[in-house]
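Novice:
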Amino acid sequence: MTELRRATPTDLAAILADLPAYWGDRDVRHLHHPMFVREFGDTAFVSGDVDGYLFGFVAPAHVGYIHAVAVHERSRGSGLGRHLHAAFAAAARARGATRLKAITGAANADSIGFHERIGFTACLIPDYSGPGQDRVVLTRDLL
Ligand SMILES: CC(C)(COP(=O)(O)OP(=O)(O)OC[C@H]1O[C@@H](n2cnc3c(N)ncnc32)[C@H](O)[C@@H]1OP(=O)(O)O)[C@@H](O)C(=O)NCCC(=O)NCCS
């Protein structure tokens, strides 16, 4: 499996320049705040060729929060998403996390299917992101 390293501002620029190859026609530029590589770089991973990346952080309540994970369309289905999650889980555990969490939209069946496949449990939370803004919360214990 390809080697992973910490994501840098240069990687973020490369990702933003090719965003549709990772996310299709969804506009998710707002998910790519520079703090994820500048402040939370210890828990931001990218494959050497930037074929996949994961941005996350460890919240004070010992939760490893996966903010965004994506694999370039040319590299899907080869285990890179799972590999990125494993790297994040190890880093989060080393920083005291006991649980992992991610959120996604109820319509994002691919994200829900992927996360369930790698051990997460999905739960629909009404109004999670405000009135009428339901989200699916994905969690996995790290212990
Ligand atoms: C979701 C995504 C990151 C998966 O990356 P990937 O590298 O193709 O996934 P992997 O090859 O590591 O797959 C790991 C497992 O999940 C399964 N899986 C992958 N995509 C799946 C899907 N859409 N539905 C159900 N299972 C899926 C694989 O079959 C594999 O199972 P296995 O190891 O038991 O054979 C990728 O499809 C992607 O970037 N999607 C667009 C961005 C996105 O929606 N990100 C998630 C929201 S934050």
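Residue numbers (our numbering): 62 to 204. Backbone N, C-alpha and C fix where the C-beta goes; we use that ideal spot for every residue, glycine too.
(1) Tell me whether the beta-carbon of V107 lies closer than 9 Å to the beta-carbon of A168.
(2) Between A151, A122, L73, D103, which lies nearest to D110 when the distance is taken from Cα to Cα?
(3) Check this for me: beta carbons of V125 and A158, under 9 Å apart or not?
(4) Once the 5 residues before and after W84 are set aside, which same chain residues still bring their CB inside 8 Å of it?
(5) Would you mind working out which of D88, F116, R90, H91 sits nearest F101, comparing C-alpha positions?
(6) Between H144 and ligand 1, is there a pair consisting of the residue's CB and a ligand heavy atom that are separated by less than 8 Å?
(7) Since T63 and L141 should fall inside the 8 Å C-beta cutoff, what is the C-beta to C-beta distance between them, to a whole number of angstroms?
(8) How many angstroms separate the CA atom of K162 from the CA atom of L203?
(9) Assuming R160 and T200 make a contact with CB atoms under 8 Å, what is their CB distance in whole Å?
Specialist: With the structure as the only source:
(1) The Cβ atoms of V107 and A168 lie no closer than 9 Å to each other.
(2) Comparing Cα positions, the closest option is L73.
(3) Here residue 125 turns out to be Gly, not Val, going by the sequence shown. Yes, they are a contact pair.
(4) Same-chain partners within the cutoff: A131.
(5) Selected option, being the one with the closest Cα: F116.
(6) Within the cutoff, so yes.
(7) Indeed they touch by this definition, with Cβ atoms about 7 Å apart.
(8) The straight-line gap separating the alpha-carbon atoms of K162 and L203 is approximately 10 Å.
(9) So it is a contact: roughly 6 Å between Cβ atoms.
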